[in-house]
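The listed protein sequences correspond, in order, to chains E and L. Note that this note's numbering has the first sequence beginning at 49, numbered continuously upward. Note that this note's numbering has the second sequence beginning at 976, numbered continuously upward. Quick reminder that beta carbons are idealized off the backbone N, C-alpha and C, glycines included. Everything numeric in this text was worked out from a predicted model, so none of it was measured.
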Amino acid sequence: MTWGRVSVGEMPYLGSEETVKELKRALSNPNVQSDRLRYRNVILRVIRFMTQGLDMSPLFMEMVKAGASVDIVQKKLVYLYMCTYAKLKPDLTLLAINTLRKDCADPNPMVRGLALRNMCNLRMPGITEYIQQPVLTGLRDKASYVRRVAVLGCAKMRNLQPDAEIDGTVVNELYGLLRDPDPVVMVNCLRALEEILKAEGGVVINKPIAHHLLNRLKDLDAWGQSETLGFLLRYRPRDDTELFDILNLLDGHLQGGDSAVTAATLRLFLQLASGHPTVQADALVRARGPLLATCTASSRELRFTGLCHVQRVLRSLPAQFSPDYKKFFCSYSEPGYIKFRKMEILVELVNDDNVVLVLEELQAYCTDVSPELAQAAIFAVGRIGRTYSERGLAILTGLLGLRQEHITSAVVQTFRDLVWLCPQSTACVCQAIAGCEEIIQDSDGKQALIWLLGMHGDQISGAPYILEDYIDSLKTELSTLVKLELLTAMTRLFLSRPAETQDMLGRLLHFCIEEETDMCVRDRALFYHRLLRCGVEETRQVLGGPKSDPSLGLIAGRPEEPINNWAAHFNTLEPVSSSGSVVAGIGCDGAALPTLGGSDGTTHSAANCTLAVQEASEDLCSGLPEEATSFSLTLGPALTPEAFEKLWLELETFQTVSLPCSEPSSQPETLQAALQLVQIQALAFSRPGSVPWKAYLYAHGSETIILAELLCGPGSDEDRLLVTVKQEPRDEKVQRGFLSVLETVLQTLVSDAT
Amino acid sequence: MISQVFILSSKGDHLIYKDFRGEATTDAINVFYQMVTALPGDQPPVVMTREGLHFIHIRQGGLYCVATTTTNASPFTIIEFLNRLAALIKDYCGSLSEKSVRMNFALIYEMLDEMLDYGYIQTTSTDILKNFIQTEAVSSKPFSLFDLSNVGLFGAETQQSRVTPSASASRPIMSSRGDQVRKNEIFVDVVERLTVVIGANGVLMKVDIQGEIKVKCYLPTCSEMRIGLNEEFSVGKSQQRGYGAAVRVDECNFHQAVRLDEFDSYRILKICPSQGEQTVMQYQLCDDLPSAPPFQLFPTVERDKSDRLLIYLKLRCDLPPKSMSQELSSPDQRAELQPSSKAVHWEISRFPGGAQLSALFKLEVPGLSAASLLEVGPVSMSFELPKHTCTGLQIRFLRLTPVQPNPSPRWVRYVTHSDSYTIRI
């Protein structure tokens, strides 16, 4: 790589002065000039050096002369040269203008077009006064080739003097040329008008123009079609009849052979039908075939683009591609970036029918030679395991048998997330992680293992001794995060198994307070130290917290997003841009999961959260009315979503009330945490801001169970929340208490947000 | 709209650079090269952004073809355009490689000048472009009649470089204007890319065939060509016609220019091909393969007493013997351990239909444990099957109307490539 760059950047540069001199001699040699082939060859050499980045501008004079040739190939080469260096040699360029203007009147339309195009490409100040006349003449040329060039020439002229006033006659003429028989002239007019009228919002697409464009679509080639469809995005049909007429016209393009046209049509469909979700969904269903075809295209770049767009579609229609899951299996020859995308998609489209085969496929990737790919596959298995925990766990525990460093690390990280989201997997995980400590070397894996040992140490017999090994090797540990995690885990474990851990916790705190140089670690150690001095119960209150949060899985799962959320970015660079890292995407679900595999200090947020939650709880409790505190609600026993649904359907509505508060604008996690503080379990939420907004909650209290649905949306008032309560067995008092607690929490959240 | 187009060699040499809008500097090339070479493997390199300038590139023939843009353009359009540019270079220069681009840079500049104006795509049709392009292509390999002898080995584009293309169809469409006789050829290629996953128990887990019919036309003018497919050809799952011989695909789509008025009743495609290569029809078939997959592998993985890993592979080709015309002599094979990719590479240059080959690999693996055996695999095969289509699609006839005065050579070639042929162990 460096070799190539040096050879381009520097080596020829040293000799370039000699080269320029030699070329200059050759170009002005009458013998060369008289021999057409030799002359052209010298010019070719100039262009070659120019491409390589050498400065060939000293030859400008000689090249201008060479441009006066009858040889069209030579002319083209010279024009290319002139356009590159015109900026540097404005005075000499003017010498060439005469030749160019003469060529603009040549009987051969090809020569006319060529000259006009290149004259407009000379990007130098003051050129406009020379090109204006030829451009205007070109607009009325009888050859479409010249008209195409002239139309774009108007745009070039405009951009050469952006401060000048817009020439109304040119604009009108361009609008007129939209009716030109040549389709490329028409598309060029749209492009030119768009640039000229940029300040005013671009070309105006009114009803006659829109329908004219729609009718001309079939004459255009694929490039023209996709571009015109792009311009039509700004047209708003007056009523539904017109809308459906347009959609009918476009229908054929949705399933054409060209991916660019399909994508542009689909985007237009989604935009036009933004008020008709069923029409949008229908369009997506019909574009399924062509979209899938791009995902299996032979060009990998196209394949990648297709995959990125399929991901967008899946956000709204998760079932759309489920039958085609095999198309998203990775081929071994594919580059990593395609494989990563495919795995993300496989996780999204898994369902009861295909889960066995998808997991089997992903399992095969888990032993890939590329560690990144293997880890991504393991994380993907973990994500599927949140829904199909038994199958997922079987694969993951099997992988531990390989005793490979990167595999074990990824599996343990996945375990941590699984345990948090699916408490039923805890026992299995606790059994499986024995012995992993010898294999895991990276800090992400260590953090996950230590977290598991601290959180579920009561179920892992060897937990204290594994942690002790980490304490003993603390001096050589480099990662701050691992140390922080170790402190939290050790303190937690002390609460459940004090006899075994007292001594080692003492050693750990001592080391971290006395010898540790990292302030973060030291502060944390001091914090725990003081906390423990306050008393074991206080420590338990701070560090206890729930051991899992199954409802988070549902929230972090995939609520179907409205199509309009992403439709505006369909067929733009946004879905394919590398800004959203692929690995991050597969490793964690973003902010929803505080403990998920990120390396950005997420691990200690558990403690921070607990703290914050504790404080918040005090605030809330003090604000609760007497009545509410006189009864008690409890979270357990947990209710599965299925059981909830069954119960909800069985029970009669007990009461429907309308609470005077709006939809909480806070994130689901906050709402979730706040409700848990008052012992109400949230099962599922709509996305913030969606309409209608819904949430399902339940709580146990005085031997009854209360189910509730919150609804805020169309039909109900903006700032009122409709609460439907069902209870079994009915108990008026508990129900009232529940409602009052709920109201307080919601109001607190709303007032916090504002 | 496109701001600049450039082509770089894999070493980063500037082969072609054209600035259409003057929005970005020449420096963009170096910025791009630094970005693309510094990317970690898992980052998608297709679209990269630096300071408001988006770089979109494709990699073909070891070259980077890059377009830059400042607008939020359609990625499909730009990638399709770059692919088209690559295809046109292939058509005009015979092949797409660093050498051919270096030798024909003037022609490519000429082409770009006509294809894009001010960054807007004007035309990419060979028929229109050929009127404007004056430079003659310099072909690196002079075309010789000898190449026609192995016309069966069609060099379709594959992701694997080891499948060597033959030179027969890799010459410029408009080579030197003297020899008219040779020029009037038409190649119709049926190319299928085969993706197969066979489970450890020998069960076929996934089959996917991506097929296309390509026409490469050297005729300067051609009014109409009729391509007849198998009469039993059917599309979609429901349309099973008769028993046995039916050739079925799940889905197929056609080039815009194909007229299908005789397709429904006679399975005839009508097209007026323009010079150069175009894909006339694409089709897919999933899961439901009419015949057994071409290769079966019977692997055994063991650990021997001295803790060596033994991999015993028995490979059988299930194609009927006649489908290979090659001699039946023992094929020369090579095997090599590639530590960088942790793979054993077994190369078999010819593999006759119905034949069977076995190999035993003994590997010294430090710290081999029973669990390590689980890590072995999968086996991936890459191959090219000439004169064979897995769907059974055939071209019945190829007729040109009106009948040309001096009949032009017409070639129909079939080839199946392994896109990904994976056998789990």
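Subject >> Status (buried if at least 16 other CB within 10 Å, exposed otherwise) for E:E65 >> reply: Exposed.
Original post:
Which value, in whole angstroms, describes the spacing of the CA atoms of E:V252 and E:V126?
Top reply: Cα to Cα, E:V252 sits roughly 38 Å from E:V126.
Original post:
Could one say the Cβ of L:A1346 lies closer than 7 Å to chain E's Cβ atoms, at least one of them?
Top reply: Yes, L:A1346 counts as interfacial toward chain E.
Original post:
How about L:M1050: is its C-beta nearer than 7 Å to some C-beta of chain E?
Top reply: The question names Met, yet the displayed sequence has Pro at residue 1050 of chain L. L:P1050 counts as touching chain E.
Original post:
Counting along the chain, where does the beta strand (DSSP E) carrying E:F97 start and finish?
Top reply: Here E:F97 belongs to no beta strand (DSSP E); instead the alpha helix (DSSP H) covers 84-99.
Subject >> Contact set for E:L128: own chain, Cβ-Cβ below 7 Å, skip 5 residues either direction >> reply: A distance below 7 Å between beta-carbons, with the five flanking residues on each side excluded, links E:L128 to the following residues of its chain, in chain order: I95.
Original post:
Relative to chain L, which residues along the region 219-240 of chain E have a C-beta separation below 9 Å, given in chain order?
Top reply: Of all residues in the region 219-240 of chain E, V232, V235, N236, R239, A240 have a Cβ within less than 9 Å of some Cβ in chain L.
Original post:
For E:K204, which residues in chain L fall below 8 Å Cβ to Cβ?
Top reply: Result: Y1093.
Original post:
Using Cβ-Cβ distances below 9 Å, what residues of the region 367-385 of chain E are close to chain L?
Top reply: Answer set for the region 367-385 of chain E: D372, K374, K375, F377, C378, S379, Y380, S381, E382, P383, G384, Y385.
Original post:
chain L partners of E:L350, CB-CB under 8 Å?
Top reply: Simply F1051, I1054, E1055, N1058.
**OP:** At 9 Å on the CB atoms, spell out the chain E contacts of L:H989, in chain order.
**Re:** The CB of L:H989 comes closer than 9 Å to the CB of V56, T99, Q100, G101 in chain E, given here in chain order.
**OP:** Measure the alpha-carbon distance for E:T474 versus E:V467 and round it to whole angstroms.
**Re:** Between the C-alpha atoms of E:T474 and E:V467 there is a straight-line separation of about 5 Å.
**OP:** State the DSSP-derived secondary structure class of L:P1361, mapped to helix, strand or coil.
**Re:** Here L:P1361 sits in strand by DSSP.
Original post:
Since E:L350 and L:N1058 are thought to touch, with beta carbons under 8 Å apart, how far apart are those beta carbons, to the nearest angstrom?
Top reply: Approximately 7 Å separates the beta-carbon atoms of E:L350 and L:N1058; this is inside 8 Å, confirming the contact.
Subject >> Cβ neighbours of L:E1102 in the same chain (closer than 8 Å, five flanking residues each side left out) >> reply: According to the sequence displayed, residue 1102 of chain L carries Asp and not Glu. For L:D1102, the CB contacts under 8 Å within the same chain, skipping 5 residues up- and downstream, are S1249, Q1250 in chain order.
**OP:** Have a look at E:G224 and L:D1164 and give me their C-alpha separation to the nearest angstrom.
**Re:** When rounded, the distance between both Cα atoms is 46 Å.
Subject >> Own chain residues within Cβ distance below 7 Å of E:P157, not counting five before or after >> reply: The answer, listed in chain order, is A191, Y193, V194.
Original post:
Using a Cβ-Cβ distance under 7 Å, would E:V460 count as near chain L?
Top reply: So, not an interface residue.
Subject >> For L:I1064, the nearest candidate out of L:T1044, L:I1053, L:V1222, L:Q1035 (CA to CA) >> reply: L:I1064 has its Cα closest to that of L:Q1035, out of L:T1044, L:I1053, L:V1222, L:Q1035.
Original post:
Should E:R570 be listed as close to the ligand FMN, given that the test is whether its C-beta is under 6 Å from any heavy atom?
Top reply: The ligand FMN is absent from the structure shown, which contains no ligands of any kind.
Subject >> Nearest-angstrom Cα separation, counted from L:Q979 out to E:K204 >> reply: Rounded to whole angstroms, E:K204 and L:Q979 show a C-alpha spacing of 15 Å.
Subject >> Counterpart residues of L:Y1095 in DSSP-defined beta bridges >> reply: Partner(s): L:D1092.
**OP:** Kindly list the residues whose CB is nearer than 7 Å to the CB of E:S527, restricted to its own chain and excluding five residues on each side of it in sequence; keep chain order.
**Re:** Cβ within range, chain order: S491.
Subject >> C-alpha distance - E:Q368 paired with E:R336, whole-angstrom precision >> reply: Straight-line Cα distance between these residues: approximately 8 Å.
**OP:** Can you pull the chain E residues whose beta carbon is under 8 Å from the beta carbon of L:V1022, in chain order?
**Re:** The contacting residues are L621, V624, S625, S626.
**OP:** Find the nearest neighbour of L:D1183 within the set E:I145, E:D151, E:S379, judged by alpha-carbon distance.
**Re:** When each option's Cα is compared against that of L:D1183, the closest is E:S379.
**OP:** Buried or exposed for E:I214, please, with buried defined as at least 16 other CB atoms from any protein chain shown within 10 angstroms of its CB.
**Re:** The residue is exposed, with fewer than 16 neighbouring Cβ atoms inside 10 Å.
Original post:
Using a beta-carbon distance cut-off of less than 9 Å, what residues from the region 1353-1386 of chain L approach chain E?
Top reply: Within the region 1353-1386 of chain L, the qualifying residues are P1353, S1355, S1357.
Original post:
For the candidate residues L:P1020, L:G1069, L:P1019, L:V1022, whose alpha-carbon lies nearest to that of L:E1252?
Top reply: Each of L:P1020, L:G1069, L:P1019, L:V1022 was checked against the Cα of L:E1252, and the nearest Cα belongs to L:G1069.
Subject >> Span separating the alpha-carbon of E:G305 from that of L:V1222 >> reply: Spanning the two alpha carbons is a distance of roughly 22 Å.
Subject >> Candidates L:S1333, L:E1277, L:K986: closest to L:A1346 by CA position >> reply: Shortest Cα-Cα distance from L:A1346 to any of L:S1333, L:E1277, L:K986 involves L:E1277.
Original post:
Which stretch, first to last residue, makes up the beta strand (DSSP E) that contains L:V1172?
Top reply: Judged by DSSP secondary structure, L:V1172 falls within the beta strand (DSSP E) whose first and last residues are 1161-1173.
Original post:
Is there at least one Cβ from chain B nearer than 7 Å to E:I179's Cβ?
Top reply: Considering every chain present, this structure includes no chain B. Its protein chains are E and L.
Original post:
To the nearest whole angstrom, what separates the beta carbons of L:S1393 and E:S274, a pair I think is in contact under 8 Å?
Top reply: Cβ-Cβ separation between L:S1393 and E:S274: approximately 33 Å, too far for a contact (criterion under 8 Å).
**OP:** Give a yes or no on contact between the region 1082-1100 of chain L and the region 989-1004 of chain L, applying the rule of three or more CB pairs nearer than 8 Å.
**Re:** In short, these stretches touch, since the Cβ pair count reaches three.
Original post:
Does any residue of chain L bring its CB to less than 7 Å from the CB of E:W271?
Top reply: Against chain L, the CB of E:W271 has a partner CB under 7 Å away; the residue lies at that interface.
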